[in-house]
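One structure is given below, encoded as structure tokens.
In my numbering, the protein residues as written are 60 to 285.
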């Protein structure tokens, strides 16, 4: 088994477990089992269509994008309205994202106490994996006391969803989760442009939060909702 397959195999149960819990809470365990079965079927059926990215990290991220897309389509197959299916898919993606983001954030505390510096050190680790070149094309900016940032010029996840005609799902289930993650880190994300919304780059800027804690503008923590 290739390394990207192995890593994805370790992450997949986390996503499917969350999907099962959410669907079970709404329509019962039998329907949830059917949704999970359809998700796995769609994911396997489309595996040969995945692009051959040059780095392990990029291949892992594309596989997770494909799993996200399969879960969304499985929900649609089983009668969930598109807005509802989208909210459930985003909630599943958030569960995976926040868990995967923890280790580097914890490690950053050994390198700095200031949260802006911690964001910079976190990104220094993430550009080695999974966001390594040439799969990703990113430019880290020198941090200041009030801002850490980077620009993304090429994102294989955005490319994957673009090829599927699902950039809107990419924006909601991947890009917009960065706002919730920034809030958990205690910083404010300012990002006027993203590849998924048709711009030439994603311009991430992390700054101290404006106002009181918890008032960071942007994306709220994803839940299944109604």
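The C-beta atom is built at its ideal place from N, Cα and C for all residues, glycine as well.
Beta-carbon contacts of residue i that lie in its chain and below 6 Å, excluding the five residues immediately before and after
i, result
"residue 285", "In this prediction, residue 285 has a pLDDT of 38, which is less than 50 and means its spatial position is unreliable; what the coordinates show is noted afterwards. If we look at residue 285 and ignore the five residues flanking it on each side, it has no Cβ neighbours."
"residue 279", "In this prediction, residue 279 has a pLDDT of 49, which is less than 50 and means its spatial position is unreliable; nothing more can be read from the coordinates."
"residue 276", "Residue placement at residue 276 is poorly supported in this model, since its pLDDT is 37, which falls under 50; the coordinates still yield a value, given next. Nothing listed; no residue qualifies."
"residue 66", "119"
"residue 77", "151 and 154"
"residue 245", "174"
"residue 273", "Interpretation of residue 273 is limited by its pLDDT of 38, a score under 50 that renders its predicted location unreliable; no figure is taken from the coordinates."
"residue 233", "216"
"residue 191", "114 and 116"
"residue 212", "196 and 260"
Boundaries (first-last residue) of the alpha helix (DSSP H) holding residue i
i, result
"residue 181", "174–185"
"residue 132", "115–136"
"residue 237", "236–244"
Residues near residue i by beta carbon distance below 7 Å, same chain, minus five either side
i, result
"residue 180", "167, 170 and 171"
"residue 186", "197 and 199"
"residue 202", "175, 176 and 179"
"residue 95", "75, 78 and 79"
"residue 209", "182, 197, 198, 199, 200 and 263"
"residue 253", "230, 234 and 261"
Three-state secondary structure assigned by DSSP to residue i
i, result
"residue 163", "helix"
"residue 229", "helix"
"residue 199", "strand"
"residue 213", "strand"
"residue 171", "coil"
"residue 220", "helix"
"residue 252", "coil"
"residue 191", "coil"
"residue 150", "helix"
"residue 144", "helix"
beta-carbon residue i near the ligand NAP non-hydrogen atom, thresh 6 Å
i, result
"residue 211", "The model on display carries no ligand, and the ligand NAP is accordingly not part of it."
Candidates the options, of which the one nearest residue i by Cα
i, options, result
"residue 195", "159, 222, 117 and 232", "117"
"residue 247", "232, 223, 256 and 263", "263"
"residue 114", "238, 183, 63 and 206", "63"
"residue 112", "105, 122, 104 and 103", "122"
"residue 163", "83, 182 and 145", "182"
"residue 108", "222, 259 and 205", "222"
"residue 158", "70, 266 and 256", "70"
Run of the beta strand (DSSP E) containing residue i, from where it starts to where it stops
i, result
"residue 248", "247–249"
"residue 262", "261–266"
Residues of its chain near residue i, where Cβ-Cβ distance is below 8 Å and the 5 sequence neighbours each way are ignored
i, result
"residue 271", "Reliability of the predicted coordinates at residue 271 is poor, the pLDDT of 39 falling under 50, and the value obtained from them is presented with this limitation in mind. Once the five neighbours on either side are set aside, residue 271 has no close Cβ partner at all."
"residue 289", "Shown here, the chain extends from 60 to 285; a query on residue 289 therefore has no answer."
"residue 139", "147"
Interface flag, residue i vs chain B, CB-CB below 7 Å
i, result
"residue 128", "The structure shown contains no chain B; it holds only a single protein chain."
Entirely within the segment 64–105 and at least 4 residues each: give me those alpha helix (DSSP H) ranges in chain order.
88–104
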